[in-house]
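Numbering (the working numbering), first residue to last: 109 to 311.
Don't be surprised by glycine CBs; every beta carbon is placed ideally from N, CA and C.
No experiment lies behind these values; they were computed from the predicted model shown.
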């Protein structure tokens, strides 16, 4: 039974990988809005029924792909014990900037803001990581709920990455992150100090 389940799970992952790869190839060739499910299934060499077994539509595939790609990039660059501190925050901002710029540079649409749920999915991954950091290190968030800081800071980080990605020409990434990381780190501290008492948890 275990072998059958493992084999089935492997087939599911392989099929998803083929569909995602086909999709990523297509978005480098033409605008997202013009891509059809039929094009994706033809490129992936699966039938439409198989596609719909995995994704409701191309929008769901896009959201899955963005989240998956960003998570893989973070995992490939950050160690498993990556915890909250100023230098690690700087490294995360750098990784985020690289990802946003990669979409800018290689996506046929040329503008992540024109793609469905791009920013929400990227921020969602950031939020989860920051929330984990801040929950584990309560000193970084004082008595305030870490979820609020994670939400605000993740959007601030994404905004910084979008700013850098849109620059023509872009300043060196290391130079940019050295400027931005202290501001983001300071934001975490300021939020901890100025959060209204009513929003703080009962002690």
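Query: In the DSSP assignment, find the unbroken alpha helix (DSSP H) run with residue 152 in it and report its ends.; Result: 145-152
Query: Out of 139, 164, 141 and 133, state which residue places its alpha-carbon closest to the alpha-carbon of residue 150.; Result: 133
Query: Tell me the rounded alpha-carbon separation between residue 197 and residue 242.; Result: 12 Å
Query: Could you tell me the boundaries of the alpha helix (DSSP H) in which residue 227 lies?; Result: 226-244
Query: Between residue 205 and the rest of its own chain, which residues show a CB-CB distance below 8 Å, the 5 nearest in sequence each way excluded?; Result: 268, 269, 272, 273, 281, 284 and 285
Query: Assuming residue 279 is part of the alpha helix (DSSP H), what are its boundary residues?; Result: Unbroken run through residue 279: none, as it is neither H nor E.
Query: Which term fits residue 244, buried or exposed, when burial requires 16 or more other beta carbons within 10 angstroms of its beta carbon?; Result: exposed
Query: Where do the N-terminal and C-terminal ends of the alpha helix (DSSP H) with residue 266 fall, by residue?; Result: 254-274
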